[in-house]
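**Q** My structure is below; once you've seen it, I'll send some questions.
Numbering (full-length UniProt numbering), first residue to last: 1 to 172.
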């Protein structure tokens with residue numbers, strides 16, 4: 001922004017740059033730096049405005065992206081696929097540590113427990129390890145669910161005759 005002013009519009013002083021930028025800002029953006037525009041700094045006004053705009057808008061974009069990522073669920077993807085999906089959505093607006101935290105929090109709690117001691121691994125290595133854990137434990141969860149259905153069916157078979165006997169003892 002700095003050199004472009006003097007070449008394109010002949011604007012060279014801090015005050016001129018500040019005035020030009022503050023008047024040209026979209027109102028939605030100006031709100032982010034309102035106090036700087038209203039209480040213009042005595043020195044380095046343009047530099048202060050520029051620095052704060054970049055800082056605040058980057059923070060705003062990171063928060064917006066984080067909210068978007070927090071709504072994402074792993075679904076039927078492998079952990080490494082889910083990580084790549086989050087990385088694609090995040091682009092360069094989210095730090096690696098934030099992405100790691102978001103990804104980790106979306107894993108099944110049993111997997112989080114198994115991976116908790118491995119936090120010194122790179123995120124990619126951790127995702128590979130999570131895939132391996134899923135491959136090893138994924139089928140057991142299916143078998144356990146089928147076993148639970150069989151148990152429920154057996155309980156229903158036992159309770160049905162008891163329910164009939166009780167109904168016969170106390171007719172309505």
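C-beta: ideal position from N, C-alpha, C; glycine also.
What number of angstroms, rounded off, separates the C-alpha of residue 64 from the C-alpha of residue 164?
**A** Rounded to the nearest whole angstrom, the CA to CA distance from residue 64 to residue 164 is 59 Å.
**Q** On the CB-based measure, 16 or more other CB atoms within 10 Å of its CB, does residue 36 come out buried or exposed?
**A** Burial call: buried.
**Q** Is the separation between the beta-carbon of residue 79 and that of residue 130 shorter than 7 Å?
**A** yes
**Q** Whose CA, out of 23, 20, 110, lies closest to the CA of residue 138?
**A** Considering only alpha carbons, the answer is 110.
**Q** Apply the 10 Å Cβ neighbour rule to residue 159 and answer buried if 16 or more other Cβ atoms are within range, or exposed otherwise.
**A** exposed
**Q** Three-state secondary structure (DSSP) at residue 165?
**A** Residue state, collapsed to three classes: helix.
**Q** Can you give, in chain order, each stretch of the beta strand (DSSP E) that sits fully within the stretch 50-83 and has at least 3 residues?
**A** none
**Q** Taking residue 61 as the reference, which of 121, 13, 93, 118 has the closest Cα?
**A** 93
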